[in-house]
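Participant:
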Amino acid sequence: MGKLFGTFGVRGIANEEITPEFALKMGMAFGTMLKREGRKRPLVVVGRDTRVSGEMLKDAIISGLLSVGCDVIDVGIAPTPAIQWATAHFKADGGAVITASHNPPEYNGIKLLEPNGMGLKKEREAVVEEIFFNGDFDRARWDEIGQVRGEDIIKPYIEAIKSRVDVEAIRKRKPFVVVDTSNGAGSLTLPYLLRELGCKVVSVNAHPDGHFPARNPEPNEENLREFKEIVRALGADFGVAQDGDADRAVFIDENGRFIQGDKTFALVADAVLREKGGGLLVTTVATSNLLDEIAERNNAKVMRTEVGDLIVARALLEHNGTIGGEENGGVIFPDFVLGRDGAMTTAKIVEIFAKSGKRFSELIDGLPKYYQFKTKRQVEGDRKEIVAKVARLAEKRGYRTDTTDGSKIIFNDGWVLVRASGTEPIIRVFSEAKSEEKAKEYLELGLELLEEVLGS
């Protein structure tokens with residue numbers, strides 16, 4: 001049997017790998033599974049991001065679902081977290097999101113959702129795959145074909161976020177925020193949410209356009225060079241940028257400085273854990289030890305998982321976690337949406353800023369200081385086996401290792417992680433320490449071990 005799903009959903013080049021026929025079969029396979037699980041007339045929420053191929057693929061997957069007797073709520077263009085929220089809100093039996101997140105415009109993909117809005121469990125993915133490849137679909141009789149209705153979820157989603165923050169505190173300070181939604185799905189939500197919260201808002205790249213004409217939808221520092229200058233030049237309190245499906249939010253301070261995602265995650269986690277009186281923080285092995293300090297000061301525990309937002313979400317659900325996230329700007333509020341939510345993250349950051357009375361740079365600089373370095377090496381062969389050999393070599397040399405995801409060598413003041421990319425022929429090396437000198441030393445150690453394995 002073939003393999004469809006990656007870490008979260010399936011992606012590829014639109015109309016080459018992710019074709020209408022592919023989406024049709026995916027809808028039929030997903031709907032067939034839902035019916036075989038005992039649901040007489042399953043209800044599925046379907047939405048998409050702004051990509052040019054999105055309407056074509058959305059219509060195809062809806063056709064597949066209808067053909068096996070599922071009813072569909074078509075929510076149109078919306079952020080991935082809004083579609084996840086809607087799946088739970090409408091008490092649906094599942095959901096489907098047509099998106100390729102931060103990938104370039106020629107890509108698209110499909111994410112399938114549980115009734116609670118979380119990404120589909122692995123064991124249910126396997127069932128969908130088996131039905132998909134066997135072509136064993138339970139087509140409905142002509143008079144039992146499903147029905148589709150449209151719903152506008154943007155307004156209720158915005159209202160749900162507003163109900164979770166102190167709107168009066170925000171309106172009192174009136175933050176000046178510059179927004180870059182990368183012409184993606186967040187263009188329909190984030191500028192309007194911030195305005196309704198009482199912010200002064202200037203938007204750039206905020207008209208929906210699936211060609212992503214302004215910039216690559218990945219909100220990294222390189223792609224946000226012009227945006228950083230805009231934030232500084234306008235004298236804004238801070239800026240926020242999103243990826244194509246708006247499940248992440250990346251911040252720029254008033255000086256035009258790019259802020260690493262684990263720092264804004266730390267600000268949010270600190271506030272949430274303080275409000276909840278502690279709890280469980282879930283993050284990955286690649287996230288800063290800064291989060292451990294934040295948890296400790298709030299009498300909370302930390303659980304570290306493999307890299308991947310769906311893996312973090314599953315751990316939050318299974319262990320009743322309080323807050324979760326990754327170093328890339330993705331934060332999960334499990335009592336709201338069981339997935340990364342860029343708009344909810346932004347609203348919480350705005351609330352924290354408004355209540356603090358400080359400048360944004362002061363909030364960031366007030367966090368415990370850590371230094372980080374990242375690099376990568378192109379490799380041939382089995383990447384995971386190479387990383388496993390690095391772990392064995394490190395253990396042989398007496399280092400304390402963690403092999404949750406890759407090979408992580410742990411020191412009292414930092415760590416170095418050697419990890420295989422899941423999609424590219426590269427191995428990434430990350431390091432962190434309380435001093436810049438030590439962080440460089442640990443990075444060099446990770447590279448030295450990798451080079452020794454590659455040369456053996």
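Numbering (the UniProt record's numbering), first residue to last: 1 to 456. Cβ coordinates follow ideal geometry from the N, Cα and C atoms, glycine included. Small disclaimer: the values here were computed from a predicted structure and weren't measured.
When you compare the CB positions of G64 and M28, do they come within less than 7 Å of one another, or not?
Facilitator: Going by C-beta atoms, G64 is nearer than 7 Å to M28.
Participant: On the CB-based measure, 16 or more other CB atoms within 10 Å of its CB, does G47 come out buried or exposed?
Facilitator: Answer is buried; the Cβ neighbour count reaches 16.
Participant: Which word fits A233, buried or exposed, when buried means at least 16 other C-beta atoms lie within 10 angstroms of its C-beta?
Facilitator: It counts as exposed.
Participant: The beta strand (DSSP E) spanning Y192 covers which residue range?
Facilitator: First-last for Y192: 190 to 197, but that is the alpha helix (DSSP H), not the beta strand (DSSP E).
Participant: Report the start-end ranges of each beta strand (DSSP E) in the region 196 to 273 that is 3 residues or longer and not cut off at the edges.
Facilitator: Listed in chain order, they are 200 to 204, 238 to 242, 249 to 253.
Participant: List the endpoints of the continuous beta strand (DSSP E) containing Y157.
Facilitator: Looking at the DSSP string, Y157 is not in any beta strand (DSSP E); the run it does join, the alpha helix (DSSP H), is 154 to 162.
Participant: Going by C-alpha to C-alpha distance, which of F360, L443, D405 sits closest to K263?
Facilitator: The candidate whose alpha carbon is nearest that of K263 is F360.
Participant: In the DSSP assignment, the alpha helix (DSSP H) including R297 goes from what residue to what residue?
Facilitator: Start and end: 290 to 297.
Participant: Taking just the CA atoms, how far does R141 sit from E226?
Facilitator: Their backbone Cα atoms lie some 56 Å apart in a straight line.
Participant: What does the alpha-carbon distance come out to for the pair R314 and L280?
Facilitator: Cα-Cα distance, rounded: 13 Å.
Participant: Tell me, please, whether the region 427 to 445 touches the region 364 to 378 by the rule of three or more beta-carbon pairs shorter than 8 Å.
Facilitator: Yes, the region 427 to 445 is in contact with the region 364 to 378.
Participant: Among V68, M344, P213, which has the Cα closest to the Cα of V52?
Facilitator: Looking at the Cα atoms, P213 is the closest of the given residues.
Participant: For L417 and L193, what's the separation of their Cα atoms in angstroms?
Facilitator: If I take the Cα positions, the gap works out to 38 Å.
Participant: Within 10 angstroms of its Cβ, does I426 collect 16 or more other Cβ (buried), or is it exposed?
Facilitator: With fewer than 16 other Cβ atoms within 10 Å, it is exposed.
Participant: When the Cα atoms are used, what is the spatial distance from K3 to T322?
Facilitator: In a straight line, the C-alpha of K3 is about 33 Å away from that of T322.
Participant: Pull up the distance between the alpha-carbon of A343 and that of D405, whole angstroms please.
Facilitator: The straight-line gap from Cα to Cα measures roughly 29 Å.
Participant: DSSP three-state label for Y442, please.
Facilitator: Note: Y442 maps to helix in three-state DSSP.
Participant: Going along the chain, which residues of its own chain have a beta-carbon closer than 8 Å to the beta-carbon of E21, five neighbours each way excluded?
Facilitator: Counting only Cβ-Cβ distances below 8 Å, and skipping sequence neighbours, we find A60.
Participant: From D245, G446, E436, pick the residue whose C-alpha is nearest to that of A420; which is it?
Facilitator: For A420, the nearest C-alpha among the options comes from G446.
Participant: Which value, in whole angstroms, describes the spacing of the CA atoms of F176 and L112?
Facilitator: Approximately 37 Å between the Cα atoms of the pair.
Participant: Looking only at its chain, what residues have a beta carbon closer than 8 Å to the beta carbon of K174, apart from the 5 residues adjacent to it on each side?
Facilitator: Excluding residues within five positions, the ones whose Cβ falls inside 8 Å are G198, C199, K200.
Participant: Helix or strand or just coil, what does DSSP make of V416?
Facilitator: In this structure, V416 counts as strand in the three-state DSSP scheme.
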